[in-house]
Amino acid sequence: MINNTLSSYSASTPSIDTDLDLADLGQKGIRQLESTLSFSPSLLLSISARQTWLMFAAAVFLVTVPVFVEAPIVRSLPSLSLALTAFWVWLSFTLMSRTATYVWGDLLLGFSWSWLAGAIYWGWLRWEPLWHLPVESIGLPLACWCLAKNWGKVGSWFYLGSLLGTVLTDVYFYLADLMPYWRQIMRVDADGAPQILQNALMQVQTPWGQAWAIILALVLLTVGILPLGRNQRHWYAFSGAVLSTILVDSLFLLAAIAA
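Numbering (our numbering), first residue to last: 29 to 287.
This is the structure in structure tokens:
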């Protein structure tokens, strides 16, 4: 009887050890899960940071590159440039219909408004600088409506950033008395453009022109850099559009110097 009891006890011992091992494994799994969960916020923050900076880079691209892509198209084929607006709008809504690409469609929609304004002004009204800001503001009511509805924030803020850069650039043209050169260069052929650019450059290099260039550049830098601290995609789109204005203006200045 005693032997049978001992045999029974020895047979049950491995089962107890197995249960203890499983308990240890369970505790290790919980600790690993807790470790993973504790790491997740930093991982999510890293992913979010990459996405916001990618949005910033995309905004810079959409302001800078089309200046040199749309310009030749709109000068020779303004109707085609205008028609391309419909394509950008269609593509933006197509991207917005998918969760994974929604934010890029949102950004592209704001770009569509800028493209439309550029197609209209540079296609048919470029000879008169006074029409520039009214035409560039064509998407302003729509952007304000979208923001009031809390919809399309990325594209709306991108458009507003691009418009702000345009406003400050035009203000500088008024202050530095560059509007006459604007009118002249829109009416001459390619052979006469270098001399007009040189004359405009001399106007920029006056103390008055240099002082206002520094002031407005500082305004653009301040307005463009401050929103980056908010770490939100629509603010990065706004900042990218504002700061890229400095890049575009600098490229035009270099073109005038090289002329």
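Each residue gets a CB set at the ideal place from its N, CA and C atoms; glycine is no exception.
None of these values were measured; they are calculated from a predicted model.
Cβ neighbours of residue i in the same chain (closer than 6 angstroms, five flanking residues each side left out)
i      : result
Ile253 : none
Trp118 : none
Trp159 : Leu153
Trp185 : His262, Ala265, Phe266
7 angstroms Cβ cutoff met for residue i and residue j
i      : j      : result
Ala228 : Leu256 : no
Val270 : Leu175 : no
Ser140 : Trp116 : yes
Ser142 : Tyr187 : yes
Val95  : Val216 : no
Gly268 : Ala87  : yes
Leu144 : Thr113 : yes
Val91  : Ser190 : yes
Gly146 : Glu98  : yes
Close beta carbons around residue i, own chain, < 8 angstroms, minus the five adjacent residues each side
i      : result
Val182 : Met83, Val131, Asp134, Leu135, Gly138, Arg261, His262, Ala265
Ala241 : Tyr200, Ala204, Val232
Pro157 : Asp198, Phe201, Met207, Trp210, Arg211
Ile285 : Leu229
Leu249 : Leu271, Ile274
Which listed residue (the options) has its alpha carbon closest to that of residue i
i      : options                        : result
Ser9   : Pro100, Thr129, Thr194, Pro94  : Residue 9 is absent from the structure shown; the chain starts at 29 and stops at 287.
Thr273 : Asn259, Gly167, Leu244, Trp173 : Leu244
Ala246 : Pro235, Leu279, Leu196, Ala85  : A small fix is needed here, since residue 246 is Leu in this sequence, not Ala. Checked all of Pro235, Leu279, Leu196, Ala85; the closest Cα to Leu246 is Leu196.
Residue-chain proximity (residue i, chain C), Cβ-Cβ < 7 angstroms
i     : result
Met83 : Given the protein chain composition of this structure (a single chain), no chain C is represented.
7 angstroms Cβ shell around residue i - same chain, five flanking residues per side excluded
i      : result
Ile224 : Tyr209, Gln212, Ile213, Val216
Every unbroken alpha helix (DSSP H) inside the region 71-134 [4 residues or more]: 106-124
Could you tell me whether the region 105-117 touches the region 144-153, using the rule of 3 or more Cβ pairs below 8 angstroms? yes
Which runs of the alpha helix (DSSP H), 4 residues or longer, sit entirely within the region 189-265? 207-213, 221-232, 235-253
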